[in-house]
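Novice: Protein chains in written order, with our numbering: chain W, 1 to 203; chain P, 204 to 508.
Glycine included, each C-beta is placed from N, C-alpha and C at the ideal position.
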Ligand SMILES: [Zn+2]
């Protein structure tokens with residue numbers, strides 16, 4: 001199945017021969033990879049999503065920051081922070097932080113894993129589309145996680161008053177943020193409607 | 204077919220090594236989790252429970268356990284013990300402090316304290332109360348009964364029992380003087396079984412122990428002594444500024460001194476010093492250490508107050 005394709009990077013029109021499984025096409029001139037769909041989209045999305053799912057647990061279980069001041073210390077996990085905000089009457093902020101840092105990451109990770117695992121099934125095509133639409137809707141809100149991290153950093157700046165060190169939670173949480181971002185970027189929505197024969201080539 | 208299109212370069216086909224190496228990402232994530240759990244198991248200090256009658260000023264998830272001024276643990280929870288008599292304070296000690304969870308360790312709460320003669324724990328006004336510990340060396344244990352008062356630091360000393368009719372201003376840790384130098388302190392007191400005497404437990408530092416002889420005389424040196432004389436005017440004397448407010452006692456040893464006092468020797472604590480005792484000035488060899496035995500240096504901090 002020889003084809004003539006143009007390199008996305010340098011525009012060189014070239015001929016592509018048979019591509020065996022586990023191989024990639026490299027441009028004859030600029031050596032960049034030539035792809036029709038996102039490279040290894042399904043694999044990458046699945047790998048990043050699973051990694052994010054694994055790290056989701058320590059990110060919520062371990063404290064984000066530990067602050068020490070003289071004879072006192074304070075360890076806060078994400079959930080404790082949300083609870084504290086709720087108890088202080090900051091219901092909106094509390095709900096927002098819960099949604100953006102606990103609920104939507106979980107939803108997104110679960111959704112991406114669901115889509116990539118069930119991609120071959122002829123059934124549930126509609127469900128996959130709905131899940132993907134939902135992910136697209138909540139995606140911009142996930143960026144608030146970065147704000148949360150910024151708050152954490154500003155806490156570290158409090159170093160002159162109290163000793164603040166980042167907990168294990170913040171490392172895990174930052175990893176979850178980065179991994180879910182990578183997972184979404186890797187996912188090629190065109191896989192959702194590609195016919196099965198083509199899917200196998202590009203996934 | 205390819206022959207028909209002339210001059211077209213042929214794209215290279217290469218093996219894709221990224222596919223399998225991609226799975227290193229979730230593997231690394233799992234490794235991080237395993238590391239967290241293993242680290243907690245291997246380097247997790249013991250969780251101890253200390254029973255206090257009053258945990259005033261401690262906060263769960265907030266107060267710390269300190270030792271020699273540094274943080275060694277954190278208080279996880281405060282609960283009323285089942286019988287309602289004690290507060291069970293659960294504290295998680297750090298890995299370096301694991302050896303403090305031994306029988307004989309004494310835990311107490313440091314609070315700001317202003318009492319006659321001393322002000323202590325001033326920092327806790329700002330920082331909040333915390334728990335501190337005096338290490339013991341018994342077998343490992345996880346349950347402790349907290350001390351209500353800071354214990355005296357353990358130093359090599361001999362213990363004496365003094366009987367007196369009236370405690371006056373003596374209190375635990377009141378100093379004991381020999382010629383104005385503090386050589387020991389009161390450890391505690393209680394009424395005798397028949398309630399006729401006050402039994403005072405005291406200790407004399409090992410270095411000064413030879414000064415106490417079986418015929419030494421002890422007297423209560425607390426308060427201020429007024430001497431009003433027709434020609435000498437009014438004479439006011441006190442053993443030290445400290446004894447004026449916190450009480451104290453002193454002793455003297457006669458020139459024809461007897462054998463050294465043994466551990467647990469019993470003396471009478473006189474209410475006043477006799478003039479005769481002031482003239483006693485025996486030569487007593489201190490540091491009477493047998494050969495081959497090294498002199499134990501005392502803790503630099505003799506009186507924690
Ligand atoms: Zn190119």
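If you reduce the DSSP assignment to three classes, tell me which class residue 360 of chain P lands in.
Specialist: Strand, per DSSP.
Novice: Kindly indicate the opening and closing residues of the alpha helix (DSSP H) around residue 106 of chain W.
Specialist: Run containing residue 106 of chain W: 104 to 117, per the alpha helix (DSSP H) assignment.
Novice: By Cβ distance below 6 angstroms, which residues in the same chain neighbour residue 6 of chain W in space, the five residues on each side in sequence not counted?
Specialist: Correct list, in chain order: 13.
Novice: What residue does the alpha helix (DSSP H) around residue 23 of chain W start on, and which one ends it?
Specialist: Looking at the DSSP string, residue 23 of chain W is not in any alpha helix (DSSP H); the run it does join, the beta strand (DSSP E), is 23 to 26.
Novice: Tell me which residues share the same chain as residue 129 of chain W and place their Cβ nearer than 8 angstroms to its Cβ, disregarding the 5 neighbours each side in the sequence.
Specialist: Contacts found: 192.
Novice: Using 8 angstroms as the threshold, is the region 94 to 101 of chain W in touch with the region 273 to 282 of chain P, meaning 3 or more CB pairs across them?
Specialist: Verdict: no, contact absent.
Novice: Could you say which of W/114, W/64, W/22 lies nearest to residue 134 of chain W if we only look at CA atoms?
Specialist: Nearest of W/114, W/64, W/22 to residue 134 of chain W, Cα basis: W/114.
Novice: In angstroms, rounded to a whole number, what distance separates the CA positions of residue 90 of chain W and residue 60 of chain W?
Specialist: Going by the C-alpha atoms only, they are around 21 angstroms apart.
Novice: Counting Cβ pairs closer than 8 angstroms, one from the region 474 to 482 of chain P and one from the region 403 to 417 of chain P, do we hit at least three?
Specialist: These segments do not touch.
Novice: Quick check: is the beta carbon of residue 216 of chain P nearer than 8 angstroms to any beta carbon in chain W?
Specialist: By this cut-off, residue 216 of chain P is an interface position.
Novice: Identify the residues that DSSP records as bridge partners of residue 164 of chain W: which are they?
Specialist: Partner(s): W/67.
Novice: Is there a Cβ from chain P that is less than 8 angstroms from the Cβ of residue 26 of chain W?
Specialist: For residue 26 of chain W, the answer is yes, since a Cβ of chain P falls inside 8 angstroms of its Cβ.
Novice: Spell out whether any CB of chain P is found under 8 angstroms from the CB atom of residue 13 of chain W.
Specialist: Yes, contact with chain P.
Novice: Using only the alpha-carbon positions, how far apart do residue 185 of chain W and residue 38 of chain W sit?
Specialist: If I take the Cα positions, the gap works out to 9 angstroms.
Novice: For a contact defined as C-beta to C-beta under 9 angstroms, what are the partners of residue 166 of chain W on chain P?
Specialist: What residue 166 of chain W touches in chain P: nothing, since even the nearest Cβ is about 14 angstroms away.
Novice: Would you mind telling me which residues of chain W sit closer than 7 angstroms to residue 233 of chain P, beta carbon to beta carbon, in chain order?
Specialist: Simply 54.
Novice: Closer than 9 angstroms by beta-carbon distance: list the chain P residues that pair up with residue 29 of chain W, in chain order.
Specialist: Neighbours of residue 29 of chain W on chain P, chain order: 212.
Novice: On the DSSP bridge list, what partners appear for residue 281 of chain P?
Specialist: DSSP output for residue 281 of chain P lists P/292 as bridge partner(s).
Novice: Is there at least one Cβ from chain P nearer than 8 angstroms to residue 50 of chain W's Cβ?
Specialist: Judged by the 8 angstroms Cβ criterion, residue 50 of chain W is in contact with chain P.
Novice: With respect to the alpha helix (DSSP H) encompassing residue 18 of chain W, which residues constitute its N-terminal and C-terminal limits?
Specialist: Unbroken run through residue 18 of chain W: none, as it is neither H nor E.
Novice: How is residue 194 of chain W classed by DSSP in three states: helix, strand or coil?
Specialist: If DSSP states are grouped into helix, strand and coil, residue 194 of chain W belongs with coil.
Novice: Specify, as a first and last residue, the run of the beta strand (DSSP E) that residue 335 of chain P falls within.
Specialist: Per DSSP, residue 335 of chain P belongs to the beta strand (DSSP E) from 333 to 337.
Novice: Could you check the C-alpha separation between residue 213 of chain P and residue 65 of chain W for me, to the nearest Å?
Specialist: One C-alpha to the other measures close to 55 angstroms.
Novice: For chain W, find out if any of its Cβ atoms is closer than 8 angstroms to the Cβ of residue 337 of chain P; answer yes or no.
Specialist: Cβ-Cβ to chain W under 8 angstroms: no for residue 337 of chain P.
Novice: Counting pairs of beta carbons, one from the region 246 to 260 of chain P and one from the region 282 to 291 of chain P, are three or more of them closer than 8 angstroms?
Specialist: Yes: the two stretches touch, three or more of their Cβ pairs being nearer than 8 angstroms.
Novice: Using only alpha-carbon positions, find the residue among P/272, P/280, P/251 that is nearest to residue 262 of chain P.
Specialist: Answer by Cα proximity: P/280.
Novice: Determine the DSSP secondary structure at residue 210 of chain P, reduced to helix, strand or coil.
Specialist: Residue 210 of chain P: coil per DSSP, three-state reduction.
Novice: Give the interface partners of residue 10 of chain W over in chain P, defined as CB-CB distance under 8 angstroms, in chain order.
Specialist: What residue 10 of chain W touches in chain P: nothing, since even the nearest Cβ is about 11 angstroms away.
Novice: Tell me, please, whether the CB atom of residue 239 of chain P is closer than 8 angstroms to any CB atom in chain W?
Specialist: Yes, because at least one Cβ of chain W sits closer than 8 angstroms to the Cβ of residue 239 of chain P.
Novice: Since residue 298 of chain P and residue 347 of chain P are thought to touch, with beta carbons under 8 angstroms apart, how far apart are those beta carbons, to the nearest angstrom?
Specialist: Actually they do not touch by this definition, with Cβ atoms about 19 angstroms apart.
Novice: Would you please verify whether the beta carbon of residue 279 of chain P is less than 8 angstroms from any beta carbon of chain W?
Specialist: No - not a single Cβ of chain W is within 8 angstroms of the one on residue 279 of chain P.
Novice: When the Cα atoms are used, what is the spatial distance from residue 170 of chain W to residue 112 of chain W?
Specialist: Spanning the two alpha carbons is a distance of roughly 23 angstroms.
Novice: If you measure between the beta carbons of residue 225 of chain P and residue 44 of chain W, is that distance less than 8 angstroms?
Specialist: Closer than 8 angstroms, so yes.
Novice: Under 6 angstroms, CB to any heavy atom of ligand 1. Which residues pass, going along the chain?
Specialist: Here the residues come out as W/7, W/9, W/10, W/12, W/27, W/29, W/30, W/32.
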